[in-house]
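Below is one structure, written out as C-alpha cells; the observations come after it.
Numbering (the numbering used here), first residue to last: 1249 to 1555.
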C-alpha cells in the first residue's frame, strides 16, 4: 500500500467474554478481593428472585436452569445455586477488568504506531462493544435474551481526526451501532448507500436534535429446543419498552417497561401497571409502525439465528 493511500482498519477483540480466561501472567493486574459487587447483584437470593419474578418467565428459567433459554445461557446450568456467593462475581469481574486493560494496551500500541507513521492527526477512531453483559446482575451471567441497559447500553467513543478541527462534544441523544457504517462513509466523503439503515453519528446535541434522534431500537431473536424468544425494544425519553412477539414460548402479550430515568437498573417492570397503558401503546406503536413496518433494504436470512 502506498503511504499516501487512504485506508480503513477494523479491529475486533472477542474478550471480555466467557470463559473469562485472560492469560495467567496478567492475573496480578487486578485483585478480585478489591472488586465491589454491583448493587444489582442484590443482597440475597430472595431479592434476586423478586426482581426476576417481575419479568417474563424466561428470566426465571434462565436463573434457575429450568429451561434452556439461550445458547449464550448454558444448557442445564443453574445460576441460582452456582452464583450464590458474591466472591464468584468478584472473581469474574476481576478477569473482565484484566481483559479490558489488555484491550486498552493493544489500542495504545495501535495509536502509538499511527503517531510514529505520522497518520494519527488524520485518523478517526471509533470504539464500541457490540453488547454488554450481566456479569452478576440479578444473579445472572452472559447476555442471553434480555434488553436491559446492562446488555444494550454500551459506551461509544468517537475521536475525530484532529485535522478536521471538530469541537469536542458529549452527545446524550440515543444512537446505535447501526449508525457506524454510515458514519464511516461520511468520514470517507462518500455517499451513504440507500440500503444502509443507520445515519452518520451526530457531532453535537444540536445536530442530534436536527436529526430527530429521540429514540433508538434494539432487536433480539433466539431459538433453542426449549424456547423461542423474539424481542423488539425502543428507548425514548427515559423509558425503555420491550415487546415480545408471539412464539411457542410467549403468546405475544408479554413485555417489559422500565422508567430508566428513575429506575436506571431496571428492577421494576411496569408492563402490567394500568397507569402505563397509554405509554405502552405509544411505544409499541413506534416499534410496529416504524421498526417492523420499514421496507427491507437488504436480504434477510432465514430465522433461527443462535443469538
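Backbone N, C-alpha and C fix where the C-beta goes; we use that ideal spot for every residue, glycine too.
- Message: Using the Cβ count rule (16 or more neighbours within 10 Å means buried), how would you classify residue 1553?
- Response: One-based indexing of the chain shown puts residue 1553 at position 305. Note that residue 1553 scores a pLDDT of 49, beneath 50, so its modelled location is shaky; the value from the coordinates is reported in the next line. Label assigned to residue 1553: exposed.
- Message: Using CA atoms only, rank isn't needed, just tell me which of 1429, 1284, 1325, 1478 is closest to residue 1618.
- Response: No answer is possible for residue 1618: the residues shown for the chain start at 1249 and end at 1555.
- Task: Count the C-beta pairs between the segment 1276-1286 and the segment 1329-1343 that are closer than 8 angstroms, then say yes if the count reaches three, no if not.
- Result: The segment 1276-1286, when compared against the segment 1329-1343, does touch it at the 8 angstroms Cβ threshold.
- Taking only runs of the beta strand (DSSP E) that begin and end inside the segment 1332-1406, which ones reach a length of at least 3 residues, in chain order? Correct list: 1373-1375.
- Query: How many Å lie between residue 1299 and residue 1385 at the Cα?
  - Reply: Here residue 1299 refers to the residue found at position 51 when the chain shown is read from its first residue. Here residue 1385 refers to the residue found at position 137 when the chain shown is read from its first residue. Distance between the alpha carbons of residue 1299 and residue 1385: 10 angstroms.
- For residue 1510, which of helix, strand or coil comes out of DSSP? In the chain shown, the residue the question calls residue 1510 occupies position 262. Reduced to three states, the DSSP call for residue 1510 is coil.
- Message: Using a Cβ-Cβ cutoff of less than 7 angstroms, which residues in the same chain neighbour residue 1373 once the five nearest sequence positions on both sides are dropped?
- Response: As a position in the chain shown, residue 1373 is number 125, starting the count at 1. Contacts found: 1407.
- Give a yes or no on contact between the segment 1264-1279 and the segment 1362-1370, applying the rule of three or more CB pairs nearer than 8 angstroms. Two segments are said to touch when three or more pairs of C-beta atoms, one from each, lie closer than 8 angstroms; by this definition the segment 1264-1279 does not touch the segment 1362-1370.
- To which residues of the same chain is residue 1392 closer than 7 angstroms at the C-beta, ignoring the five residues directly before and after it? By one-based count along the chain shown, residue 1392 stands at place 144. The residues are 1310, 1317, 1318, 1320, 1321.
- Message: Assuming the contact rule is C-beta atoms closer than 8 angstroms, residue 1502 and residue 1304 should be a hit. Round their C-beta distance to whole Å, please.
- Response: The residue labelled residue 1502 in the question sits at position 254 within the chain shown. The residue labelled residue 1304 in the question sits at position 56 within the chain shown. In this structure residue 1502 touches residue 1304 by the C-beta definition: roughly 5 angstroms separates them, less than 8 angstroms.
- Message: Can you find the residues in the same chain that come closer than 6 angstroms, C-beta to C-beta, to residue 1307, ignoring five residues on each side of it along the sequence?
- Response: On the chain shown, position 59 is the one that residue 1307 refers to. Same-chain partners within the cutoff: 1300.
- Message: Quick check: the Cα distance between residue 1459 and residue 1451, rounded to an integer number of angstroms?
- Response: For the purposes of this step, residue 1459 is identified with residue 211 of the chain shown, where counting begins at 1. For the purposes of this step, residue 1451 is identified with residue 203 of the chain shown, where counting begins at 1. Roughly 11 angstroms separates the two Cα atoms.
- Would you check if the segment 1507-1514 and the segment 1484-1492 touch, i.e. whether three or more CB-CB distances between them fall below 8 angstroms? Using a Cβ-Cβ distance cut-off of 8 angstroms, the segment 1484-1492 and the segment 1507-1514 are in contact, since at least three pairs of beta carbons, one from each stretch, lie closer than that value.
- Item | For residue 1489, three-class secondary structure by DSSP | Reading the chain shown from its first residue, position 241 is the one you call residue 1489. In this structure, DSSP gives residue 1489 an extended state, which the three-state scheme calls strand.
- Task: Just the C-alpha distance for residue 1492 and residue 1475, rounded to the nearest angstrom, thanks.
- Result: For the purposes of this step, residue 1492 is identified with residue 244 of the chain shown, where counting begins at 1. For the purposes of this step, residue 1475 is identified with residue 227 of the chain shown, where counting begins at 1. One C-alpha to the other measures close to 13 angstroms.
- Item | Residue span of the alpha helix (DSSP H) that contains residue 1531, given as start and end | Position 283 of the chain shown, counting from 1, holds the residue named residue 1531. The continuous alpha helix (DSSP H) containing residue 1531 extends over residues 1525-1534.
- Query: Are there 16 or more other CB atoms within 10 angstroms of the CB of residue 1252, so buried, or fewer, so exposed?
  - Reply: One-based indexing of the chain shown puts residue 1252 at position 4. If you draw a 10 Å sphere on the C-beta of residue 1252, you find fewer than 16 other C-beta atoms in it, and that means exposed.
- Cβ pair residue 1518, residue 1480 closer than 8 angstroms: Residue 1518 sits at position 270 when you count from the first residue of the chain shown. Residue 1480 sits at position 232 when you count from the first residue of the chain shown. Contact flag unset, no.
- Task: Give every residue of the same chain whose Cβ lies closer than 8 angstroms to the Cβ of residue 1417, excluding the five residues on either side of it in the sequence, and list them in chain order.
- Result: Translated into positions along the chain shown, residue 1417 becomes position 169. Cβ neighbours of residue 1417 beyond the five flanking positions: 1451, 1452, 1453.
- Item | Presumed contact (8 angstroms Cβ cut-off) between residue 1430 and residue 1447, rounded CB distance | Here residue 1430 is taken as the residue at index 182 of the chain shown, counted from 1. Here residue 1447 is taken as the residue at index 199 of the chain shown, counted from 1. Yes, they are in contact, since the Cβ atoms of residue 1430 and residue 1447 sit about 5 angstroms apart, within 8 angstroms.
- Can you grab the Cα-Cα spacing for the pair residue 1436 / residue 1380, in whole Å? Along the chain shown, read from residue 1 onward, the residue named residue 1436 stands at position 188. Along the chain shown, read from residue 1 onward, the residue named residue 1380 stands at position 132. A straight line joining the alpha-carbon of residue 1436 with that of residue 1380 spans about 29 angstroms.
- Using DSSP with H/G/I as helix, E/B as strand and the rest coil, what is residue 1422? Numbered from 1 along the chain shown, position 174 holds the residue referred to as residue 1422. Residue 1422: coil per DSSP, three-state reduction.
- Item | Distance, residue 1312 Cα to residue 1403 Cα | For this step, residue 1403 is matched to residue 155 along the chain shown. For this step, residue 1312 is matched to residue 64 along the chain shown. Residue 1403 and residue 1312 have their C-alpha atoms spaced approximately 30 angstroms apart.
- Which first and last residues belong to the alpha helix (DSSP H) in which residue 1428 is found? Here residue 1428 corresponds to residue number 180 of the chain shown, with the count starting at 1. Here the alpha helix (DSSP H) through residue 1428 covers 1427-1436.
- Message: Would you say the beta carbon of residue 1349 is closer than 7 angstroms to some non-hydrogen atom of the ligand FMN?
- Response: In the structure shown, the ligand FMN is absent, as is every other ligand, since no ligand is present at all.
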